[in-house]
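Positions 1 to 744 (UniProt numbering) are the ones given, in order, by the sequence shown. Where is the CB? At the ideal position from N, CA and C, for every residue including glycine. Quantities reported herein were computed from a predicted structural model and do not represent experimental measurements.
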Amino acid sequence: MTKHKFTVTAARGMLPLLEAELKQIGIKQFKTEAGSIRFTGSLKEAYQVCLWSRVAVRVLMPIAHFSAETTDQLYNGIKELAWEEHIDAEDTTLAIDFNSFRSKIHHTQFGAQKVKDAIVDRLRDLFGTRPSVDLHQPDLRVNVYLKHNQAIVSLDLSGESLHKRGYRVSQTNAPIKEHLAAAILLSAEWPKLAREGWALLDPMCGSGTFLIEAALMAADIAPGLQRDYFGFLYWKQHDKVAWQQLKADAERRRLSGLARLPMIMGGDQDKTAVTAAQANIEAAGLSDRIQVIHRDLQNWTTVAQTLPEVGLLVSNPPYGQRIGDTNSLHDIYENLGDLVNQHLPAWRTTIITDNAQLGKFTGLTMFDSKPFDNGPIACEVLSYRAPKPLRRDAKPVQQEMAASPSPWDKTPKSKPKPVASSDVVENVSPQAEMFANRLKKNVRHLAKWARKNQLDCYRVYDADLPDYAVAIDIYGDYVHVQEYAPPADIDPLKASERLDEVMQIIPAVLGVNKDKVALKLRQKQRGSNQYESQAALRQRFEVRENDLRFWINLTDYLDTGLFLDHRITRQMLAETSRGKAFLNLFAYTGSATVYAAAGGAKSTTTVDMSNTYLGWAKDNMQLNNFVGEQHQFIRADVLAWLNDPATKELRFDLIFVDPPTFSNSNKMEGVFDIQRDYIDMLYKVAGMLNQGGEIFFSTNRRDFKLDGSALKGLDIKDISKATLPIDFERNSKIHYCWKIQKST
1 MTKHKFTVTA
11 ARGMLPLLEA
21 ELKQIGIKQF
31 KTEAGSIRFT
41 GSLKEAYQVC
51 LWSRVAVRVL
61 MPIAHFSAET
71 TDQLYNGIKE
81 LAWEEHIDAE
91 DTTLAIDFNS
101 FRSKIHHTQF
111 GAQKVKDAIV
121 DRLRDLFGTR
131 PSVDLHQPDL
141 RVNVYLKHNQ
151 AIVSLDLSGE
161 SLHKRGYRVS
171 QTNAPIKEHL
181 AAAILLSAEW
191 PKLAREGWAL
201 LDPMCGSGTF
211 LIEAALMAAD
221 IAPGLQRDYF
231 GFLYWKQHDK
241 VAWQQLKADA
251 ERRRLSGLAR
261 LPMIMGGDQD
271 KTAVTAAQAN
281 IEAAGLSDRI
291 QVIHRDLQNW
301 TTVAQTLPEV
311 GLLVSNPPYG
321 QRIGDTNSLH
331 DIYENLGDLV
341 NQHLPAWRTT
351 IITDNAQLGK
361 FTGLTMFDSK
371 PFDNGPIACE
381 VLSYRAPKPL
391 RRDAKPVQQE
401 MAASPSPWDK
411 TPKSKPKPVA
421 SSDVVENVSP
431 QAEMFANRLK
441 KNVRHLAKWA
451 RKNQLDCYRV
461 YDADLPDYAV
471 AIDIYGDYVH
481 VQEYAPPADI
491 DPLKASERLD
501 EVMQIIPAVL
511 GVNKDKVALK
521 LRQKQRGSNQ
531 YESQAALRQR
541 FEVRENDLRF
551 WINLTDYLDT
561 GLFLDHRITR
571 QMLAETSRGK
581 AFLNLFAYTG
591 SATVYAAAGG
601 AKSTTTVDMS
611 NTYLGWAKDN
621 MQLNNFVGEQ
631 HQFIRADVLA
641 WLNDPATKEL
651 RFDLIFVDPP
661 TFSNSNKMEG
671 VFDIQRDYID
681 MLYKVAGMLN
691 QGGEIFFSTN
701 RRDFKLDGSA
711 LKGLDIKDIS
721 KATLPIDFER
731 NSKIHYCWKI
741 QKST
């Protein structure tokens with residue numbers, strides 16, 4: 001892959017944030033200078049910066065460097081460059097940005113004219129025609145920076161400032177720029193807080209910039225996704241394939257991220273500002289995700305009582321330079337502080353001002369300040385602690401999305417089940433109509449089966465049509481969608497369009513609100529990422545399976561907490577467990593343990609490496625009233641635990657083993673590969689069996705091969721087909737399962 005040099009510019013105070021963004025993209029070779037960062041990388045990485053950077057201003061690609069003490073030297077140096085490799089001579093447009101620092105050519109307009117003349121003269125000499133000038137959105141924007149008489153010539157890949165996201169359709173007085181709002185939110189740790197389920201409020205929202213930027217971050221939406229213009233789009237060396245892949249990936253991430261969006265709310269005392277904010281929010285495609293109301297700052301008491309207990313208040317209050325009288329602004333800051341102190345005591349506060357003294361009128365305790373420029377005004381971003389912070393594990397963060405009835409309440413539930421609807425969205429393609437019809441057919445058939453079998457959760461679609469490669473699972477009143485990564489030969493933009501159609505059709509066909517549809521992109525996981533956290537909203541709800549209850553979380557992790565394809569396997573464990581000592585290895589959320597306890601196991605032992613999932617397993621057991629000393633939970637690396645001398649003395653009658661395909665978690669020693677390590681693992685597990693005991697061994701590795709001849713002394717029975725539920729019949733390789741006993 002060809003490497004190039006690039007320069008990314010940013011405003012004062014934002015370079016550390018830009019560094020963090022480059023690292024997140026995967027760019028390692030960079031150097032920070034005054035006002036910019038230089039890095040070496042691929043065109044695709046430069047495109048990623050254009051698409052994903054929330055604080056960058058421009059992305060420049062230097063193509064030449066020469067001395068230019070005179071206008072002739074500047075003209076000749078520019079004319080010698082092969083501009084025909086970058087732009088066609090006919091029916092194209094060109095713009096020049098020229099800046100000078102301590103150089104003999106200091107008149108920027110004159111310098112830009114000479115650069116333009118040199119480019120068009122070369123192209124006219126070669127082809128007899130020339131590009132025209134367009135300062136707005138040219139096909140090629142050239143940047144020349146003359147420093148100490150040394151000219152650096154660059155192509156401007158951004159084309160225009162990256163702060164222009166494409167959603168600002170309505171203005172107010174003195175709006176904060178998008179990249180500055182993003183930088184303030186990043187400084188306030190908003191992405192981290194949003195993943196933890198914190199809300200966000202801007203009571204003086206103006207045209208809604210903070211609200212929109214906060215939503216873009218929380219929903220993992222690329223800030224440049226809505227832009228229809230970049231400087232590289234009409235450049236002759238533009239890599240269209242790489243750009244299409246990046247946009248398609250960003251679109252999938254947007255659809256997935258919207259399901260994890262916390263509460264975001266704003267308001268303003270100016271009705272015109274509220275109208276402007278609503279228009280911009282609609283243009284950003286977030287009308288149903290952000291609420292804006294008309295309200296004076298001192299009248300938020302009633303509304304504040306309806307907000308979550310933890311959140312971030314962020315605002316750009318007047319500070320005298322362009323709006324308001326400095327001498328009378330202290331009332332605004334006092335009211336802001338009163339709102340937080342009296343009604344939002346567990347909320348953090350972040351504001352931007354040109355006068356830190358005004359911040360003292362809030363009465364809040366400041367813990368951080370950072371210098372930022374708001375246009376020509378030197379400002380500071382002030383961050384304040386919550387007056388009465390909640391514990392990190394406080395109830396308001398751990399929201400249960402449905403009330404929990406008594407574990408043994410047999411009262412019929414009245415909540416509606418998804419039912420196929422005829423109200424399918426309009427203006428979809430014929431292929432999308434086929435998908436909608438297939439989904440309708442599936443849900444009509446499976447909903448009856450699910451009700452008969454006391455199931456709240458089941459799969460209704462699994463890539464039935466190749467063009468719509470998603471898995472759709474129903475969990476009570478909610479829907480979980482997983483998109484299988486499209487093959488490399490599929491047009492990535494086409495794949496993202498189909499996914500968008502899927503997300504439009506599902507609510508209409510299944511009769512659910514779209515905010516109850518969660519989307520995740522299913523990809524191969526490596527190592528500790530097998531259960532990688534997607535968010536930390538901790539919003540869970542309860543579902544039933546065979547009259548047992550389980551906590552489900554659709555937003556925070558790649559998986560939901562219940563592997564639906566193991567439903568029959570769990571039933572087999574329950575039917576086999578009466579009076580037996582049961583061991584669950586690699587237990588995840590302990591659903592197999594719940595079934596064993598329900599089947600009458602005399603004791604259960606649940607082993608997993610993750611505190612999160614072990615706690616989840618305990619909650620599932622408590623939800624079903626299975627408590628007591630006979631139920632043990634052990635946090636350990638299973639492989640290390642099996643090698644522990646004390647463990648080898650333990651004996652069990654029934655053991656369930658469902659290990660990950662691959663793991664190199666930092667919590668374990670070495671690397672585990674199921675295909676390589678299963679023989680040694682199964683021998684150790686078999687050594688813990690009582691006479692007549694059984695092992696249920698399962699794996700979801702599609703190409704797994706079990707060599708029975710290598711497991712001497714063990715009787716092995718393949719029960720894979722017998723453990724395949726009706727709703728997974730299309731996917732016979734969803735898992736493999738064997739029943740193993742010691743040979744008699």
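- Using a Cβ-Cβ distance cut-off of 8 angstroms, the stretch 245–257 and the stretch 43–61 are in contact, since at least three pairs of beta carbons, one from each stretch, lie closer than that value.
- A direct Cα-to-Cα measurement between H136 and Y229 gives close to 11 angstroms.
- The beta carbon of W243 lies closer than 7 angstroms to those of Y47 in the same chain, with the five residues before and after it left out.
- By the Cβ neighbour-count rule, N584 is buried, with 16 or more other Cβ atoms within 10 Å of its own.
- Counting of Cβ neighbours within 10 angstroms places I352 among the buried residues, the total reaching 16 or more.
- Restricting attention to N99, P16, F672, the CA atom closest to the CA of F110 is found in N99.
- Here H238 carries a coil assignment [DSSP, helix/strand/coil].
- Counting C-beta pairs closer than 8 angstroms gives fewer than three between the stretch 138–153 and the stretch 175–191, which falls short of the contact rule.
- For P62, the enclosing beta strand (DSSP E) begins and ends at 58–67.
- By the Cβ test, the stretch 32–40 is not in contact with the stretch 215–229, since fewer than three Cβ pairs between them sit closer than 8 angstroms.
- Under the DSSP assignment, F110 falls outside any beta strand (DSSP E), being part of the alpha helix (DSSP H) whose first and last residues are 108–127.
- Segment contact: the stretch 165–176 against the stretch 116–135, fewer than three CB-CB distances shorter than 8 angstroms; contact not assigned.
- According to the DSSP assignment, F586 belongs to no alpha helix (DSSP H), since it is labelled neither H nor E.
- In the DSSP annotation of this structure, P131 is not part of any alpha helix (DSSP H), being labelled neither H nor E.
- For D515, the secondary structure class from DSSP, reduced to helix, strand or coil, is helix.
- Listed as beta-bridge partners of N374 by DSSP are I377.
- Proximity of the stretch 14–27 to the stretch 194–204 falls short of the contact definition, fewer than three beta-carbon pairs being nearer than 8 angstroms.
- In the DSSP assignment, no residue is bridged to S577.
- Rounded to the nearest whole angstrom, the CA to CA distance from K705 to S720 is 13 angstroms.
- Around the beta carbon of P725, 16 or more other beta carbons lie within 10 angstroms, which makes this residue buried.
- G197 sits buried, since 16 or more C-beta atoms from the chains shown fall within 10 Å of its C-beta.
- In the DSSP assignment, L562 falls outside any alpha helix (DSSP H), carrying neither H nor E.
- Boundaries of the beta strand (DSSP E) harbouring V314: 311–315, taken from the DSSP string.
- Residue V340 holds the alpha-carbon nearest to the alpha-carbon of V303 among V340, I332, P317.
- With fewer than 16 other beta carbons inside 10 angstroms of its own, L650 counts as exposed.
- Listed in chain order, the alpha helix (DSSP H) elements of length 4 or more contained wholly in the stretch 591–642 are 591–598, 611–623.
- Per DSSP, the continuous alpha helix (DSSP H) segment holding H330 begins and ends at 330–338.
- Beta-bridge partners assigned by DSSP to D368: S383.
- In the three-state reduction of the DSSP assignment, K648 falls in the helix class.
- Under the three-state reduction of DSSP, E90 is assigned to coil, being neither helix nor strand.
- In the displayed model, N149 falls within coil according to three-state DSSP, outside both helix and strand.
- Annotation for S743: G713, D715 place their beta carbon closer than 6 angstroms to its own, counting only its chain and skipping 5 residues before and after.
- Within its own chain, the residues whose Cβ lies closer than 6 angstroms to the Cβ of T40, once the five positions on either side in sequence are excluded, are K3, K5, Q29, listed in chain order.
- CA-CA distance, D673 to F662, rounds to 5 angstroms.
- Sequence-distant partners of D653 (beyond 5 residues in either direction) whose C-beta falls short of 6 angstroms from its own C-beta, in its chain, are K580, A581, N690, G693.
- By the Cβ neighbour-count rule, G600 is exposed, with fewer than 16 other Cβ atoms within 10 Å of its own.
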